[in-house]
Amino acid sequence: MSIVRHESGPILSLAVENGNTIYLAGIVPKNLKNDIKGQTQEVLAEIDRLLAKCGSSKSKLLQATIWVTDIRNRAPMNEVWTVWTDPKNLPVRACIEAKLADPACLVEIMVVAAKG
Amino acid sequence: MSIVRHESGPILSLAVENGNTIYLAGIVPKNLKNDIKGQTQEVLAEIDRLLAKCGSSKSKLLQATIWVTDIRNRAPMNEVWTVWTDPKNLPVRACIEAKLADPACLVEIMVVAAKG
Amino acid sequence: MSIVRHESGPILSLAVENGNTIYLAGIVPKNLKNDIKGQTQEVLAEIDRLLAKCGSSKSKLLQATIWVTDIRNRAPMNEVWTVWTDPKNLPVRACIEAKLADPACLVEIMVVAAKG
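Protein chains in written order, with the numbering used here: chain A, 1 to 116; chain B, 117 to 232; chain C, 233 to 348.
Below you can see the structure in the form of structure tokens.
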């Protein structure tokens, strides 16, 4: 089984395929002036882009770990999440509060998906 | 390889099978009046139930991530964990402190298991 | 597919192999008098040791989750990380702040790797 790595920078790859399983990095937004909804939309769009690059899509999501810097942002984050996800193909998920690298960043999402 | 999803609600599935690997959602207790031991017992019973539904069991656990809202609850949580786990088939594990969605919820556990 | 477990203690295994995938426990340093750089070096050396035991290496890393107790320690942790990692084979990664079991422990790292 071969490992395929995508968009590697100095400290991490943004996506790694191992056989049928795809691991994405914890994705954070770049546009940090947005509110939690805008930041979540940007993160999910980046996840779409990376999954497509790996020959997968949000319909093949297996697991999502979501960190929010303020757990009160879970509800508005969920509104964006619910619009974005494929309702017939929902991954397992955990959403917890944590301090992130950039204090202006409100959300980070790390997913595992199938290549399918 | 086909993906099998179990007990999907509006935002997540409680279990997702991908080939030989089973991902469970971060499980939280429903009975939030219980102390850390009671809450941990309820979470582990729910994990038993979901693993059985996927044709697996706690003896096939691979990885566990445990969030406690107060790291001082790690010791009593571990007491329940040690009684519950199969001592010959222990998963890898990380236990960290994090604020969870419901302030009355003291523990959340997310596991990965093999279908075996 | 068979599960192989390594170095199991009373609550967890330090490594679990399931087919081609290797899960390591959240590794913490033992020498807690070291600063963040020394603690990170010790954790990464232990990850090297465990991956070798599973017939793998840091060049086969797929995913890393890094918890630091003070997010300001992310930069010096990254300095050690960057020296250690194989620049052509970087895993995906998330680094978040969390309180850990021992208050003197500054960093915990949990990885998934391929057996390859």
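Yeah, the Cβ is synthetic: ideal placement off N, Cα and C, and Gly gets one too.
Being a predicted model, the structure only gives us computed values, none of them experimental.
Any C-beta of chain B under 8 angstroms from that of residue i
i	result
A/Thr69	no
A/Leu50	no
A/Asn20	yes
C/Arg304	no
A/Ala114	yes
Which of helix, strand or coil DSSP assigns to residue i
i	result
C/Ala284	helix
B/Thr185	coil
A/Asn78	helix
C/Leu294	strand
A/Leu100	coil
A/Ala45	helix
C/Val260	coil
C/Thr317	coil
A/Ile109	strand
C/Ile243	coil
Contacting residues, own chain, Cβ-Cβ under 6 angstroms from residue i (five flanking each side not counted)
i	result
A/Leu12	Ala25
C/Asp302	none
A/Ile80	Going by the sequence as given, residue 80 of chain A is Val instead of Ile. Correct list, in chain order: Lys37, Thr40 and Gln41.
C/Pro261	Gln271, Glu274 and Val275
C/Lys290	Asp318
C/Ile235	Asn250
B/Met226	Gly142 and Thr181
A/Lys60	Ala113, Ala114 and Gly116
A/Leu50	Leu14, Ala15 and Leu24
Same chain, Cβ closer than 8 angstroms to residue i, five either side skipped, listed in chain order
i	result
B/Asn147	Gly154, Gln155 and Glu158
Residue-level contact to chain A via CB, residue i, 8 angstroms cutoff
i	result
B/Val120	no
B/Ile163	no
B/Ile127	yes
Cutoff 7 angstroms; reference residue i; Cβ partners in own chain excluding five residues on either side
i	result
C/Lys285	His238 and Ala247
A/Ser56	Ile22, Ala113, Ala114, Lys115 and Gly116
B/Arg190	Val184 and Cys211
C/Asn252	Ala346 and Lys347
State whether the region 206–217 of chain B contacts the region 177–184 of chain B, with contact taken as three or more CB pairs (one from each stretch) at a distance under 8 angstroms.
yes
May I ask you to list, following chain order, the residues of the region 22–45 of chain A that have a beta carbon less than 7 angstroms from some beta carbon of chain C?
Tyr23, Leu24, Ala25 and Gly26
Would you list, in chain order, the members of the region 75–106 of chain A that have their beta-carbon closer than 7 angstroms to a beta-carbon of chain B?
Asn78, Trp81, Thr82, Asn89, Leu90, Pro91, Val92, Arg93, Ala94, Cys95, Ile96, Glu97 and Ala98
Below 7 angstroms between beta carbons is the criterion; list the residues of the region 52–64 of chain A that meet it against any residue of chain B, in chain order.
Of all residues in the region 52–64 of chain A, Lys60, Leu62 and Gln63 have a Cβ within less than 7 angstroms of some Cβ in chain B.
Taking contact to mean 3 or more Cβ pairs, one atom from each stretch, closer than 8 angstroms, check whether the region 312–320 of chain C and the region 270–286 of chain C are in contact.
yes
Validate contact between the region 333–340 of chain C and the region 118–134 of chain B using beta carbons, cut 8 angstroms, 3 pairs
no
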